[in-house]
Amino acid sequence: MAFQKLINKLTDRDKLINEIDVLKSRVSQLEHEKYVLIKELTLRNEDLSKLHSVNNELQELTKLNSEVIQQLKEQAKELIIKNQTLSESERNYRKQYGNIHISEPSENLVGDWDVDKDFFDHMEKIKGNPFNKDQVEAIRYTMDKNLRIIAGAGSGKTETICAKTAYLMTMESVEASSICMVTFTRKAADEMKERVNKFLVTDNSRVAIGTFHSIFKSLFEQLLKQVPACASVGVVGNKQDDSDEKANRLFRQLIKKYNLFQFDKEGDKTIKERIEYWTNLGHSAEEMKGFVAKHYDSLEPLSDYPINQRFYDMYIEFVRIRTEEKIVLFDDFLLNLYRALQQYESARGFIQGKFDYIFVDEFQDINPLQMDILKLIAPTDGSGAKLIIVGDDDQSIYAFRGSNPSFIKQFHEVYDTYTLELMTNYRSKQNIVQAGNRVIKANAHDRIEKAMEPFHKVNGEAYVWAATDQSEEANWIITKAQEIGKIEPFSVKDRVEPINYTQSTILYRSVGQLQSVYQALDNRGVPFVIENNEDVMGIFNIFEFKIAIRNWLDLLESEPLIQISAWRPFLLNVANAYFIKNQDFNQFMEQSHFSSVQSLLQEFVAFVKREKGKSDTTLIEKYLNGIFKLIKNSNVEVLEFIEPLLQFPKNKNNMSKEEVDWINKECQHYKTWVDLIAYHERLKERRSNMKKHLVLYHKGEYNALYFLTIHKSKGLAFNNVFVIAVNDGGLPSNRAVPLSKINLTECREKAEPPTTVEEERRLMYVAATRAKHNLYVTFPKTIQDKPSKRSIFIKELSLPLRNG
């Protein structure tokens, strides 16, 4: 061991061994460092790999992002183009239909935590659907102000106001006796009663609901108990079944007593009709007297007892006798309350304390007298009941009886008012609503701007049928109604009929449009009912012919062969038919002295010839000769005096071609006076039977086509509607003139309400919006083999046109 150590030392082996140990240690250290470096490199490689992966992802995302951005850019361009297109479409839509107000459903408006949530749930169960947003707002409105609801056709206005009544009673604890609901017809009043009771789940809500006449009559009767002095204001009592007959008989006697025949036969209205019109305008007897003096005294300019004074004396006596004999008329119900409220402060105090809320339905139909009474019951200073009025100025079509749409349009100028609109139409298919919007928009200068939005986003059949002539028009309507009627047969009790005519309704403007339809119905044996019983009278209900019949009968009832005075009213009408002024005619009568009836007639013909610049008087001569024959012999052929009558200038202007043609055809068939009067009697009997058929029809027990005037159709709705004779002279009427060309003040003073193009357009709107499913507008391209001028409303409706 020692030797080995020595050798190692001599040979430096120890040193080498140390160096080897050091080298081993270094190698081990390097191996560790290598391991560490390899490990670090591995980690770095992993990081690099991750980095490369992330980089690749970023590159992919960048590429994708670029594509998405490009797509978004392209979509943005498309949206811009689409928006521009939509904007243009919206502008075109608004241009055609007006501003559209869309009412959303009420789900978001009535929340689960709302105190009235259960009320609206209850209403929905009863109705079967929720109220929309605007309806809910109207129902909930707190009545801080008076409420005006502009409610378009088919917008659910009746349900809304009836629900508001129920809301006041259930949610706001308003007593039933504090609420009054007024409308214009008994049918509408009955419908409101039924709905209010239904919403309140009762048989009798005790809310005062009725027509203007029934409500005002009831208020006046209550007033009599509180203020007995009110009995002196007018004709007091109950209207009897024979009241109208007694009043008419009394009026005829007084016309004779005060010699007012000439005034009574002046123009289109009788004295009684003028009084009724002036009464609806709220005029007193003294004001009426002034109008007569201004416009009608010229009928007899040389009279010592002028017409205006005779009129006034007659009117006062008429009222005095009716008061003594208690002959009550409908207008007395309004007049009595009006006069009592005007004259007695205690009466106003009692009536103004009766109600807290007064609803007035169809407010566009209110007349000045009704408005004046309403102001006395609910003063404009807000000291009385709050008013809830609902209506649509676009459906104001009763100017002839004094209605004035300005009351609804300007209501906010009279009362402190909050206004809501119900503009969703739940009744009609989309294209029918849009057609209505288009036609009524042409009244832009005379209406509240608005447009209906259709709830039903599907179209029905809605087009214009241009028939070759009136006969084809009538037959096409019947054939189309039969086609519709075959879809579901008519069934009642144990009787089934293959064609259900009750599915179709025919609307018309005037009786003169029914000539060809009547003939086609008779020829094809199709049953029908007509709501206006007078129109069953056919030609005898055409105004000019009705007046002529009355003139002939009046003349025949007098002693025309010996009494010159009997001819005066008759000849005045002839003079008027030639546009001769009353004053000129009266001068002729006063300044001439006639030795006989024959000389009177001869000089009258010469007078007309002078006045009209030597015009041809052949027509007048034929007319007078025919009438003279009639007086002597009732078997005279009626066309001898009817044909020239129809050609008189004024009659030609006022009567439509359809009316003239119809009268001529009937008189060719019923040639003699005896035959014509016998035909008249048969039509009267038919009118009587029609009343019975109508009752059965409305009960669903009579299968027939339903005819009614557009005026009577307002407020109603039908599955399939035909609007006939929409040609110029039919609808609009040949008497229609633009509102801008009319002196309304003078027309009202003369009690001769004008027919305006604007109101005729409202008639067209009302007619079109009666249809639920299908609307057919028809007109003849020819009348009496001559081209017919098309109605301006055809273009305005802008419906598809189909030709016969």
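In this note's numbering, the protein residues as written are 352 to 1155.
Ideal Cβ positions, reconstructed from N, Cα and C, are used throughout, including at glycine.
What you are looking at is a predicted structure, and each value in this text was computed from that prediction instead of being measured.
**Request:** Measuring alpha carbon to alpha carbon, tell me which of K576, D744, F891 ends up nearest I1028.
**Result:** For the purposes of this step, residue 1028 is identified with residue 677 of the sequence shown, where counting begins at 1. Ranking K576, D744, F891 by Cα distance to I1028 puts F891 first.
**Request:** Below 7 Å CB to CB, which residues in the same chain sit around K897 once its five sequence neighbours on both sides are set aside?
**Result:** Here residue 897 refers to the residue found at position 546 of the sequence shown. Cβ neighbours of K897 beyond the five flanking positions: F891.
For I566, I'd like the list of residues in its chain whose CB is within less than 6 Å of its CB, leaving aside the five on either flank, ordered along the chain.
-> Here residue 566 is taken as the residue at index 215 of the sequence shown, counted from 1. Closer than 6 Å at the Cβ level, and outside the excluded window around I566, lie V533.
Quick check: the region 1071-1078 against the region 615-633, are at least 3 beta-carbon pairs closer than 8 Å? No contact exists between the region 615-633 and the region 1071-1078.
| Between which two residues does the beta strand (DSSP E) carrying T1129 extend? | The sequence position of residue 1129 within the sequence shown is 778, counting from 1. Start and end: 1122-1131.
- Task: Alpha carbon to alpha carbon, how far is G585 from A698? Give it in angstroms, no decimals.
- Result: Indexing the sequence shown from 1 puts residue 698 at position 347. Indexing the sequence shown from 1 puts residue 585 at position 234. In a straight line, the C-alpha of A698 is about 15 Å away from that of G585.
* Measure the Cβ-Cβ separation of L981 and W918 and say whether it is below 7 Å. => In the sequence shown, residue 981 corresponds to position 630, counting from 1. In the sequence shown, residue 918 corresponds to position 567, counting from 1. Cβ distance not < 7 Å, so L981 and W918 don't count as in contact.
To which residues does DSSP link W816 through a beta bridge? Residue 816 sits at position 465 when you count from the first residue of the sequence shown. W816 is bridged to T1129, R1153.
- request: Return the CA-CA distance between L632 and L738, expressed in angstroms with no decimal places.
  value: On the sequence shown, position 281 is the one that residue 632 refers to. On the sequence shown, position 387 is the one that residue 738 refers to. Using only the alpha carbons, I get a separation of about 22 Å.
message: When you compare the region 1100-1115 with the region 637-646, are there three or more beta-carbon pairs, one atom per stretch, that lie closer than 8 Å?
response: yes
Report all residues from its chain with a CB closer than 8 Å to the CB of L574; omit the five preceding and five following residues, and keep chain order. Counting from one through the sequence shown, the residue named residue 574 turns up at place 223. Taken in chain order, the residues that qualify are C581, L688, A691, A698, F701, I702.
Q: With DSSP as the reference, please indicate the residues paired to L858 in a beta bridge.
A: The residue labelled residue 858 in the question sits at position 507 within the sequence shown. Looking at the DSSP assignment, L858 forms a beta bridge with L1059, V1074.
Return the residue from the list L1059, P805, E1052 that minimises the CA-CA distance to Y777.
For the purposes of this step, residue 777 is identified with residue 426 of the sequence shown, where counting begins at 1. When each option's Cα is compared against that of Y777, the closest is P805.
Practice item. Mind reading off the beta-carbon distance from L297 to E668? Whole number of angstroms is fine, and I expect it under 8 Å. Key: Lying before the first or after the last residue shown, residue 297 is absent from the chain, which here runs from 352 to 1155.
How big is the Cα-Cα spacing for D683 and V461?
For this step, residue 683 is matched to residue 332 along the sequence shown. For this step, residue 461 is matched to residue 110 along the sequence shown. About 47 Å.
Under the three-state DSSP convention, the category S1084 falls into:
As a first step, residue 1084 must be located in the sequence shown, where it is residue number 733. Reduced to three states, the DSSP call for S1084 is strand.
How should Q1135 be labelled, buried or exposed, when 16 other C-beta atoms within 10 angstroms of its C-beta is the threshold for buried?
For the purposes of this step, residue 1135 is taken as the residue at position 784 of the sequence shown. Answer is exposed; the Cβ neighbour count stays below 16.
**Asked** Span of the alpha helix (DSSP H) holding S950?
**Response** As a first step, residue 950 is located in the sequence shown; it is residue number 599 there, counting from the start. 948-962 is the extent of the alpha helix (DSSP H) around S950.
When the Cα atoms are used, what is the spatial distance from Y647 to S909?
Counted from its first residue, the sequence shown places residue 647 at position 296. Counted from its first residue, the sequence shown places residue 909 at position 558. Whole-angstrom Cα-Cα distance: 25 Å.
Worksheet entry | Proximal residues to E455 (C-beta, below 7 Å), its chain only, five neighbours per side dropped | On the sequence shown, position 104 is the one that residue 455 refers to. With a pLDDT of 48 at E455, under the threshold of 50, the predicted position of this residue should be treated as unreliable, though the coordinate-derived value follows. N483, K484.
Helix, strand or coil for A559, going by three-state DSSP, please let me know.
-> By 1-based counting over the sequence shown, the position of residue 559 is 208. Three-state result, A559: strand.
Backbone secondary structure at G479 - three-state DSSP: Taking the sequence shown and counting its residues from 1, the one referred to as residue 479 is at position 128. Correct three-state label for G479: coil.
For this session: On the DSSP bridge assignment, give the partners of N776 in chain order.
Result: To locate residue 776, count along the sequence shown from 1; it is residue 425. For N776, which the question treats as bridged, DSSP gives the partners P805.
Indicate the three-state DSSP secondary structure (helix, strand or coil) for G742 in the structure shown.
The residue you call residue 742 lines up with position 391 of the sequence shown. In the three-state DSSP reduction, G742 falls in the strand class (E or B).
Unbroken stretches of the alpha helix (DSSP H), 4 residues or longer, contained in the region 970-1028:
990-997, 1000-1005, 1008-1020
State the Cα-Cα distance for the pair I672 and F662, rounded to the nearest angstrom.
The count along the sequence shown starts at 1 and reaches residue 672 at position 321. The count along the sequence shown starts at 1 and reaches residue 662 at position 311. The straight-line gap from Cα to Cα measures roughly 15 Å.
Margin query: Among the candidates L650, L653, Y666, N1004, whose CA atom is the shortest distance from the CA of K623?
Written below: Here residue 623 corresponds to residue number 272 of the sequence shown, with the count starting at 1. K623 has its Cα closest to that of Y666, out of L650, L653, Y666, N1004.
query = Any idea which residues DSSP pairs V711 with across the strands?
reply = The residue you call residue 711 lines up with position 360 of the sequence shown. Answer by DSSP bridge pairing, in chain order: V533, I740.
Report task. Can you tell me which of F710, G742, M722 puts its alpha carbon nearest to the alpha carbon of A1178? Result -> Here the chain comprises residues numbered 352 to 1155, so residue 1178 is not present and cannot be evaluated.
_Within the continuous beta strand (DSSP E) that includes S842, where are the two ends?_
Residue numbering aside, residue 842 sits at position 491 when the sequence shown is read from its first letter. Boundaries of the beta strand (DSSP E) harbouring S842: 841-843, taken from the DSSP string.
Query raised in the report: Using the rule of at least 16 other Cβ atoms within 10 Å of the residue's Cβ for burial, across every protein chain shown, is H796 buried or exposed?
Result: Stepping through the sequence shown from its first residue, residue 796 is reached at position 445. When all chains shown are included, H796 counts as exposed.
Practice task
Return the residue from the list S943, S947, F958, E895 that minimises the CA-CA distance to D926.
Solution key: Reading the sequence shown from its first residue, position 575 is the one you call residue 926. Looking at the sequence provided, one finds Ala at residue 926 rather than Asp. Ranking the options by Cα distance to A926, first place goes to F958.
Exposure label - E344; buried when at least 16 CB within 10 Å
Residue 344 falls outside the range modelled here, since the chain spans only 352 to 1155, and no answer is possible.
Helix, strand or coil at L771 [DSSP, three-state]: Position 420 of the sequence shown, counted from the start, is the residue given in the question as residue 771. The answer is strand: DSSP assigns L771 an E or B state.
Query - L680 versus I893: straight-line alpha-carbon distance, rounded - result: Here the question's residue 680 lines up with position 329 in the sequence shown. Here the question's residue 893 lines up with position 542 in the sequence shown. For L680 and I893, the distance between alpha carbons rounds to 27 Å.
At which residue ranges does the region 871-935 contain complete alpha helix (DSSP H) runs of 4 or more residues, listed in the order of the chain? 894-908, 919-928
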